[in-house]
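What follows is one structure encoded as structure tokens, with my remarks underneath.
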Amino acid sequence: MERTETTPTYSSHTVSLLVENKPGVLHRIAGLFSRRGYNIASLTVGPTERPEYSRMTIVVRLSSKTVEQVVRQVQKLIPVVEVRELSPVDLIERELLLVKIRTPERNHAELRALAETYEAKIVDVSPDALVIEASGNSGKLDALEDRLAQYGIQELCRSGRIALERGFKTLAPPNLK
Amino acid sequence: MAKEKMTGAKAVVRALEAEGVEWVFGMPGGAILPIYDALYDSKKVKHVLVRHEQTGAHAAEGLAHATGKVGVCFGTSGPGATNLVTGIADAYMDSVPMVAITGNVSSALIGSDAFQEADITGITMPITKHNWLVTDVRDLPRILKEAFYIARTGRPGPVLVDIPKDVQNAELEFEYPDRVDIPGYHPPVREEPRLKDAAALIRGSSRPVIYLGGGVRTSGAYEEVAKFAELVGAPVVTTVHGKGSFPETHPRCLGMFGMHGSKFANYTVQESDLIIALGARFDDRVTGKLSTFAPEAKIVHLDVDPAEISKLVTATVPLVGDLKLLLPQLTEETRNAFQTSGRADIAPWWVKVNAWREKHPLRFTAQGEEHIMPQHVIQRIWEKTQGKAFVTTGVGKHQMFAAQYWKTSEPRHFITSGGLGTMGFCLPAAIGVQLARPDALVIGIDGDGSFQMTLQDLGTAVDLNLNIKIFILNNLFLGMVHQWQNLFYDNRLAATPLSDRPDFVKLAEAYGCLGLRARKPSELEDVLDRALAHEGGPVIVDIRTRQDEHVYPMVPAGAPLNDMIEGN
Ligand SMILES: Cc1cc2nc3c(=O)[nH]c(=O)nc-3n(C[C@H](O)[C@H](O)[C@H](O)COP(=O)(O)OP(=O)(O)OC[C@H]3O[C@@H](n4cnc5c(N)ncnc54)[C@H](O)[C@@H]3O)c2cc1C
Ligand SMILES: Cc1ncc(C[n+]2csc(CCOP(=O)(O)OP(=O)(O)O)c2C)c(N)n1
Ligand SMILES: [Mg+2]
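Given below as structure tokens:
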């Protein structure tokens, strides 16, 4: 019997949590990840349809076996009502990107066209700079970032991932009020 | 129950009474004074003044270990709270139910680096099942109810409730809830256990072994385990926390396995084709090098904590749930499988196991006239008491000698710090045990190093007139570390020799209790007899044991389980 994983393959996993909206909850979760050595690629937290609960989306790069362990450890935290790895197939994921490009006005038209291709918006314009806002999955934002690089990125800021699954399935367990 | 107006401090005491708490261990200070003041009036809850909060936490653990009840300890803000940390961490590692209650500075001062302020909820987050900083006095009854509930249910463990002083003084309409509603806490499990698959594996196995851990103790499933073991007829091995869950005097019990388990127990595990793990967590002290652990064995793993399943060793069939509920079902399922389809013959396996048992028994050099052998001391105490005692230990060689030679046949009777390995556990745990079991014989097997970590609470034991008997196997060494230096560090004895200080007999006398000493084998019997016969308070026995007598067999850290070093 094989006792240890031979060569674990690491890939990106999206773990979604429904947590009680109480002080210290983020600390508990972040602390668990750090003390068990699970690296967080991104973490977002925000309100949900119920004010008593928040939703956290945590992206980790780990082997599948380790992710299972992560989910079970996280489930043990009392304020965590539900936690699940979201199926990569059914995943609707979004990130937000804000990027400031410093570029002379003559390039603006070109950038406008580029932004349009990526369904991005220009949200601020000044004579020698503009700010672009884009949202989408991480692949799309990576691609946009690449294209913008040649214009000189002055400042860039990206949110963590938020995600839901397609269909009627929800994270909240049925017994939740 | 009608609501009653009272302070938060009073509410704490009422909650303790409602939970049936008889003993709390602690030391007061400014930030917890309102609770102490309220406790002063309680007719039901008795307080034990310890000399160090760590001791209080270990005493609470001792009580919990011996009874299964939740142990309770108190500490004031800042240093009082941080002194509890080792005891809380110990309880966390060994799944011991505990409620720690700390006072904190007033709410308005929190976060201002106030005098004796410590973020104890932050500090203990990784070593508690859960903790609370109470910000509204009206939450207190619910939080305390949840605290006790979480501490004792599912996989038991410590929790901490931190109560700012103003919250203790504030008033509320008290009503203790009779149920809890915690949406994120589900000790019961959702998946259907695969009992049929497990039974099929058991039926087909010709080299099964049953591996019992501390979960048997916490679930109280002794009879269920006995019935299952009777049906399956396999050899039974235990962890150090499984000791006593199945009588070690039973012919099918091979005792403890692991780093310092017997060769025959380790060989049995290593060569088995099926390991049935019941409430045990495949700790590295028992598996040896993980990739070589029991290479041919399939694993049935029953545990109440899903996170333990396949954490280290992948389970062929996981069974998540409470042993007490699930094991009888597994027994029935197995019985059915045996009846309908027969089972593999395990007689040849027993021939093998018994041959190992005969060829590689636990052994040590017979005691001559010069040196007292530590193993001999433990055997003699066992013989003199017929093993009818609670045993607590420190951490080190003496602990492992006790684990090897103290044959334990009663549940909850072998009490030790396994997961954290906390030196200083012996005396405080013995205090907690003796309070909970006033009529029982309570024996401590301690080391000279370990004893000195918490000896200040000899005063507490004398105050309470507890008849605990602490046998210090005194080798003037941090012996376990000495052993490692001896074996793996060229015998370079960096910081392990301990000076012959203090004089433990005089120390005992200074505390007002009996102190005895045996230096030579010829002095041993008399000293043991006197110690065991003594009544009217604690007795401390300083037994000078052979210094270079190490614990064997031994699996070196990181070696395969069957790769054991033997002594002389
Ligand atoms: C110097 C030293 C040497 C040591 N050498 C050894 C050694 O040779 N051999 C050895 O065995 N240990 C040894 N230990 C102890 C070791 O470190 C571990 O503490 C011990 O092996 C863990 O025991 P356990 O697996 O029974 O788990 P525990 O820590 O007792 O955990 C109990 C398990 O049961 C589960 N459980 C709890 N309640 C229930 C329930 N109701 N139903 C089902 N499951 C439940 C829990 O989830 C958990 O997984 C040594 C310690 C020290 C300090
Ligand atoms: C609090 C603490 N500090 C250090 C250790 C490391 N340690 C493990 S065993 C040991 C020696 C114990 O000496 P003693 O109590 O005399 O027991 P012996 O091994 O000599 O029987 C030490 C220092 C520990 N387990 N706990
Ligand atoms: Mg010693």
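From first to last, the protein sequence lines stand for chains Z and E. The opening residue of the first sequence carries number 1 in this note's numbering; numbering runs sequentially from there. The opening residue of the second sequence carries number 1 in this note's numbering; numbering runs sequentially from there. By construction, the Cβ of each residue, glycine as well, lies at the ideal position given by its N, Cα and C atoms.
Residue i classed as buried or exposed, judged by whether at least 16 other C-beta atoms fall within 10 angstroms
i: E452 (chain E); result: Note that residue 452 (chain E) is Gln in the sequence shown here, rather than Glu. Per the 10 Å Cβ criterion, buried.
i: H130 (chain E); result: buried
i: E53 (chain E); result: buried
i: E5 (chain Z); result: Reliability of the predicted coordinates at E5 (chain Z) is poor, the pLDDT of 47 falling under 50, and the value obtained from them is presented with this limitation in mind. With fewer than 16 Cβ atoms within 10 Å of its Cβ, E5 (chain Z) is classed as exposed.
i: C513 (chain E); result: buried
i: R501 (chain E); result: exposed
i: N465 (chain E); result: exposed
i: L487 (chain E); result: exposed
i: K469 (chain E); result: buried
i: L561 (chain E); result: buried
i: S11 (chain Z); result: exposed
i: I92 (chain Z); result: exposed
i: C426 (chain E); result: buried
i: N104 (chain E); result: buried
Residue i (DSSP reduced to helix, strand or coil)
i: D563 (chain E); result: coil
i: P553 (chain E); result: coil
i: W631 (chain E); result: Residue 631 (chain E) is absent from the structure shown; chain E starts at 1 and stops at 568.
i: Y149 (chain E); result: helix
i: F425 (chain E); result: coil
i: P497 (chain E); result: strand
i: V70 (chain Z); result: helix
i: F257 (chain E); result: coil
i: I346 (chain E); result: coil
i: H241 (chain E); result: coil
i: Q54 (chain E); result: helix
i: V216 (chain E); result: helix
i: G288 (chain E); result: strand
i: L362 (chain E); result: coil
i: W484 (chain E); result: helix
i: L43 (chain Z); result: strand
i: D124 (chain Z); result: strand
i: N104 (chain E); result: strand
i: E5 (chain Z); result: Residue placement at E5 (chain Z) is flagged as unreliable, the pLDDT there being 47, under the threshold of 50; the coordinate-derived value follows with that caveat. Correct three-state label for E5 (chain Z): coil.
i: G71 (chain E); result: strand
i: A221 (chain E); result: coil
i: L274 (chain E); result: strand
i: D162 (chain E); result: strand
i: K227 (chain E); result: helix
Cross-strand partners of residue i (DSSP beta bridge)
i: M6 (chain E); result: E:L172
i: C513 (chain E); result: Partner(s): none; C513 (chain E) has no beta bridge.
i: I472 (chain E); result: E:D446, E:D542
i: H47 (chain E); result: E:V24
i: I182 (chain E); result: Partner(s): none; I182 (chain E) has no beta bridge.
i: E133 (chain Z); result: Z:L98, Z:K121
i: L84 (chain E); result: Paired residue(s): none; L84 (chain E) is not in a bridge.
i: R158 (chain Z); result: Z:L97
i: F451 (chain E); result: F451 (chain E) is not bridged to any residue.
i: R61 (chain Z); result: Z:S12
Beta-carbon proximity of residue i to residue j, cut-off 8 Å
i: V186 (chain Z); j: V81 (chain Z); result: A query on residue 186 (chain Z) cannot be resolved here, the shown segment of chain Z reaching from 1 to 177 and no further.
i: E523 (chain E); j: G515 (chain E); result: no
i: G447 (chain E); j: I472 (chain E); result: yes
i: L160 (chain E); j: I88 (chain E); result: yes
i: I8 (chain E); j: A170 (chain E); result: One detail in the question is off: residue 8 (chain E) reads as Gly in this sequence, not Ile. In this structure, A170 (chain E) lies closer than 8 Å to G8 (chain E) by Cβ.
i: T102 (chain E); j: G122 (chain E); result: no
i: M98 (chain E); j: A91 (chain E); result: yes
i: L323 (chain E); j: G279 (chain E); result: yes
i: K165 (chain E); j: A31 (chain E); result: yes
i: D463 (chain E); j: P428 (chain E); result: no
i: R36 (chain Z); j: Q75 (chain Z); result: no
For this session: Residues of the segment 45-73 of chain Z with a CB closer than 7 Å to any CB of chain E: list them in chain order, please.
Result: Q69, R72, Q73
Exercise. Can you list, in chain order, the residues of the segment 300-325 of chain E whose Cβ is nearer than 9 Å to any Cβ on chain Z?
Worked result: D305, P306, A307, E308, I309, S310, K311, L312, V313, T314, T316
For this session: With 9 Å as the limit, tell me which residues of the segment 160-188 of chain E have their beta carbon closer than that to any beta carbon of chain Z; keep them in chain order.
Result: I182, P183, G184, Y185, H186
Exercise. Using a beta-carbon distance cut-off of less than 8 Å, what residues from the segment 111-123 of chain E approach chain Z?
Worked result: Within the segment 111-123 of chain E, the qualifying residues are T121, G122.
Exercise. Looking at chain E, which residues of the segment 19-41 of chain Z have a Cβ within less than 9 Å of any of its Cβ atoms?
Worked result: Those would be V19, E20, P23, G24, H27, R28, G31, L32, R35, in chain order.
Exercise. The segment 75-103 of chain Z: which residues have C-beta closer than 9 Å to a C-beta of chain E, in chain order?
Worked result: So the list reads Q75, K76, L77, I78, P79, V80, V81, E82, given in the order they occur along the chain.
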